[in-house]
Amino acid sequence: MVKILPFFLIILLVACVKDNNIGRGQSNDPINEELKHEAKEIFKNKLENEGSYKSYSSSDVFYEISSNNLSMQQFNIIKNNLIEDRGWVFLKKKDQANIFCQGTRQLEVIPPQELVGNKILGGGDIGKQIENKWNIILSHTINGTLNRCYLQSK
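Reminder that position 46 of the sequence shown reads as 45 in numbering that gives the first Met the number 0, one-by-one numbering, no gaps.
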């Protein structure tokens, strides 16, 4: 019994250690790979902190871009040239988010609070505003997830 007690305490301590370095999810689903390619074509080497997941209802890819790597003026150039040239249509602005559609696919671009200057963090359709980073989300509806582009297409 005395030999088992230290072993039990070690297991208990290891199980209770909190890992603060939990990474973002990654999905290599073909639809997610298409969305990742699309994001890289639009935003080039500015993308940071990639994450993606696939569920029963949607495939989603998300990135951040530091506010010092993309200004509002640079975004307007990207918006007017690359995004629209790649078949994305501006749908609307929801709170701070710019929402673009490509069929039922949705691209949501939310500028950082420090560039916009709003006092309270804003939201969007899928994502939320971040203080000092752009929030970039691409979503592909699979089974009726109600994003703005899916609703618009019906």
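Using N, Cα and C, we set each Cβ at its ideal position, and we do this for glycine too.
Asked: Where the alpha helix (DSSP H) through ARG85 begins and ends; Found: Taken as a continuous stretch (DSSP letters only), ARG85 belongs to no alpha helix (DSSP H), as it is neither H nor E.
Asked: Among ASN80, GLN73 and ILE30, nearest to ASP59 - alpha-carbon criterion; Found: ILE30
Asked: Closest residue to GLU49 among LEU34, SER56 and SER57 (Cα-Cα distance); Found: LEU34
Asked: Sub-9 angstroms separation of LYS91 and ILE82 beta-carbons; Found: no
Asked: GLU47, DSSP secondary structure in three states; Found: strand
Asked: Classification of ILE76 by the beta-carbon crowding that lies within 10 angstroms, buried from 16 upward; Found: exposed
Asked: Cα-Cα separation, SER152 to ASN68; Found: 34 angstroms
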